Amino acid sequence: IWYPQIPPSASSLIWRIIHNKLPSQGALRNKGCFIVSICFLCGSSYETSDHLIYQFPFVVALWNWLGGIFYCHIYTSSILSILSSGKTSGSAQVVDVFLAVAIFTIWVIWYSRNQICFCNQIITIQQAISIVSSKVNITGNSTKVVMGPSVSELLILKHLGINGHPRKFIRIKEVIWCPPKSGWIIYNSDGSAHGYPGIASCGGIFRNLTGSFQGCFAESLGIQ
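Here is the structure:
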């Protein structure tokens, strides 16, 4: 949870939750402070750390939003399970961004609770998502690790307004695609072999005048 790109205030909040040091009303009652405990966010349940982070609809909506962006299921049984849910999300940059989003999501839950408690100000789900996105944007763009060569990872980063960090290639070749004439379909194909001779395959794609996808194929050619 300790990353140079994540503010210590957010990381320390996660540390306090992991070690049961979050000053929720339930924790204060357990220490002998006799107060009437009620969740400021839902107004109907006993306030504990588990209830704040995992259970009520406001939080569930935030975790569903996070899982939808990264195409994964968020396991909300504990803080560690939440942070581990994105370990298989992709490249190093995407995993770093996932951790940042998860940490800032937990931070914004506690922030929303305190805004109601001390300022009588309600934070909506859309406002919470905007706050998380703005903070993650700074973190994701400042990380030094690279992304993978997949469209899904690019969509994840673009959804959060983060620039992808591609690997540095030794040689870059510019390829210009030219559309066909009106009424024609253009067909581009290529093939490769692993060794000579070796296992080979080929593929092709069909597009029309506007570049719209019309069809494609990929075929193994065996040893060629």
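All the letters of the sequence shown, read from the start, carry residue numbers 11 to 234 under the numbering used here. Ideal placement from N, C-alpha and C gives every residue a C-beta, glycine not left out. If you're wondering where the values come from, they're calculated on a predicted model, not measured in any experiment.
{"Check": "Q65 - DSSP class collapsed to helix/strand/coil", "Outcome": "helix"}
{"Check": "V32 versus I63: straight-line alpha-carbon distance, rounded", "Outcome": "Sequence inspection shows Leu at residue 32; the Val mentioned does not correspond to that position. Approximately 11 Å between the Cα atoms of the pair."}
{"Check": "G96 beta carbon less than 8 Å from that of F108", "Outcome": "yes"}
{"Check": "Cβ-Cβ distance between F66 and C43 below 8 Å", "Outcome": "no"}
{"Check": "CB of A112 within 8 Å of CB of S122, strictly", "Outcome": "no"}
{"Check": "Within 8 Å, strictly: CB atoms of F179 and I195", "Outcome": "no"}
{"Check": "Beta-ladder partner(s) of R217, from DSSP", "Outcome": "I196 and F223"}
{"Check": "Short Cβ contact (8 Å threshold) for I16 with A102", "Outcome": "no"}
{"Check": "Same chain, Cβ closer than 6 Å to W117, neighbours up to 5 away in sequence not counted", "Outcome": "A20 and L23"}
{"Check": "Given E57 as reference, the closest of Q35, V69, L72 and I11 once Cα atoms are compared", "Outcome": "Q35"}
{"Check": "Range covered by the alpha helix (DSSP H) that runs through C127", "Outcome": "A102 to C129"}
{"Check": "G42, DSSP secondary structure in three states", "Outcome": "coil"}
{"Check": "Whole-angstrom distance between I233 and V161, CA atom to CA atom", "Outcome": "30 Å"}
{"Check": "Euclidean distance between Cα positions of S197 and N173", "Outcome": "With the sequence shown as reference, residue 197 is identified as Tyr, and Ser is not the correct amino acid for it. Cα to Cα, the separation comes out at about 32 Å."}
{"Check": "Buried versus exposed, by CB contacts within 10 Å (16 or more), V146", "Outcome": "buried"}
{"Check": "Whether I89 touches L76 by CB criterion (8 Å)", "Outcome": "no"}
{"Check": "Inter-residue spacing [alpha-carbon to alpha-carbon] between N124 and W12", "Outcome": "23 Å"}
{"Check": "Residue range of the alpha helix (DSSP H) that includes S91", "Outcome": "I89 to S94"}
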